[in-house]
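So the sequence shown is residues 3 to 228, counted in our numbering.
Each residue gets a CB set at the ideal place from its N, CA and C atoms; glycine is no exception.
Bear in mind that the values here come from a model prediction, so they are computed numbers and not experimental data.
Following: one structure in structure tokens, then a few remarks.
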Amino acid sequence: MKAVVKLGGALFKRDPDVDALRTTGKILSGFVGEGNQLVAVAGGGQNARVYIDAARKLGADESTCDLLGISVTRASAELLRLALGSVAVPKIPTMLSELTHYVSSGKVVVLGGLQPGQSTNAVAALAAEITHSDFLVNATDVEGVYTADPKKNPKAKMLRSVSVDKLLSWAMAGDVYAGKYELLDPVALKIMQRARIPTRFVSLDDPSNITSALRGRDIGTLVSYS
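Encoded structure:
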């Protein structure tokens with residue numbers, strides 16, 4: 003199987019949880035050890051938001067804030083690469099054109115952000131498209147896609163399946179700027195829509211959810227295409 007896993011910022015806390023990183027690395031290494039191809043994309047999480055907020059207060063424009071966020075995601079990627087150990091490519095690609103070269107090595111390629119205006123969710127979708135992946139798993143700090151923010155609305159309901167068109171309509175209704183891409187931004191969704199990438203959202207609370215989703219277990223939320 004060819005797969006891409008997007009690991010949300012919840013894994014890369016301001017005080018990094020080394021045990022959680024090590025466990026995630028072990029689970030992903032086991033998946034690769036079964037003969038599967040894997041690209042992993044690391045988010046910036048709270049660290050990126052803190053630095054971006056500070057930059058804004060210092061007068062930075064949004065492109066500069068994006069570049070700062072990209073630097074933080076690449077630091078997250080380095081932590082993940084270290085957690086994966088010898089099964090990971092030792093270099094973090096900074097351009098999409100490098101990806102196909104490194105994937106051919108048979109090792110896990112770990113990415114952070116690539117360019118301003120593009121979230122790590124968009125990077126994961128592009129990585130899935132360019133590597134002709136069979137599946138994309140987006141691991142976040144919630145169990146799946148909800149009708150509203152479950153952290154703010156106790157009546158929010160998790161959806162077992164949701165169309166990419168519905169996700170896109172929700173994303174287009176909100177503001178998109180550096181450090182605020184919510185669950186998925188319009189760019190990421192447009193890439194998923196054109197490539198029709200089978201995608202499932204799962205919770206990072208248990209890293210084994212990632213490989214369970216890759217093996218076909220019906221957990222989290224599945225994105226459908228009309």
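Legend entry - Neighbourhood of residue 57 by C-beta, 8 Å cutoff - its chain only, sequence neighbours within 5 removed: 66, 67 and 70
Legend entry - Outcome for residue 16 when other beta-carbon atoms lying within 10 angstroms are tallied against a minimum of 16: exposed
Inset, instruction - Quick one: using the 10 Å Cβ neighbour count with 16 as the cut-off for buried, is residue 78 buried or exposed? - result: buried
Inset, instruction - Taking all protein chains shown into account, decide if residue 148 is buried (16 or more other Cβ within 10 angstroms of its Cβ) or exposed. - result: buried
Inset, instruction - Could you tell me if residue 60 is buried or exposed, where buried requires 16 or more neighbouring beta carbons within 10 angstroms of its beta carbon? - result: exposed
Inset, instruction - Reducing DSSP to helix, strand and coil, say where residue 223 ends up. - result: strand
Legend entry - Euclidean distance between Cα positions of residue 200 and residue 25: 25 Å
Inset, instruction - Give me the Cα-Cα distance between residue 81 and residue 38, rounded to the nearest whole angstrom. - result: 22 Å
Inset, instruction - Identify every residue that forms a DSSP beta bridge with residue 8. - result: 43 and 140
Legend entry - Entirely enclosed alpha helix (DSSP H) segments - the stretch 41-110, minimum 4 residues: 47-59, 64-86 and 101-105
Inset, instruction - Just mark residue 76 as buried or exposed, buried being the case when its beta carbon has 16 or more other beta carbons within 10 Å. - result: buried
Legend entry - According to DSSP, residues forming a beta bridge with residue 30: In DSSP, residue 30 forms no bridge with anything.
Legend entry - Cβ pair residue 74, residue 49 closer than 7 Å: yes
Legend entry - Coarse secondary structure for residue 171, derived from DSSP in three states: helix
Legend entry - 7 Å Cβ cutoff met for residue 150 and residue 6: no
Legend entry - Helix, strand or coil at residue 196 [DSSP, three-state]: helix
Inset, instruction - Inspect the beta-carbon positions of residue 45 and residue 10 and report whether they are closer than 7 Å. - result: yes
Legend entry - Inter-residue Cα distance where the pair is residue 186 and residue 33: 25 Å
Legend entry - Per DSSP, cross-strand counterpart(s) of residue 203: 140 and 223
Inset, instruction - Determine, using beta carbons only, whether residue 153 comes closer than 7 Å to chain B. - result: Chain labels in this structure do not include chain B; a single protein chain is all it has.
Legend entry - Enclosing beta strand (DSSP E) for residue 165 [first to last residue]: 163-165
Inset, instruction - Can you tell me which of the three DSSP states residue 113 falls into? - result: strand
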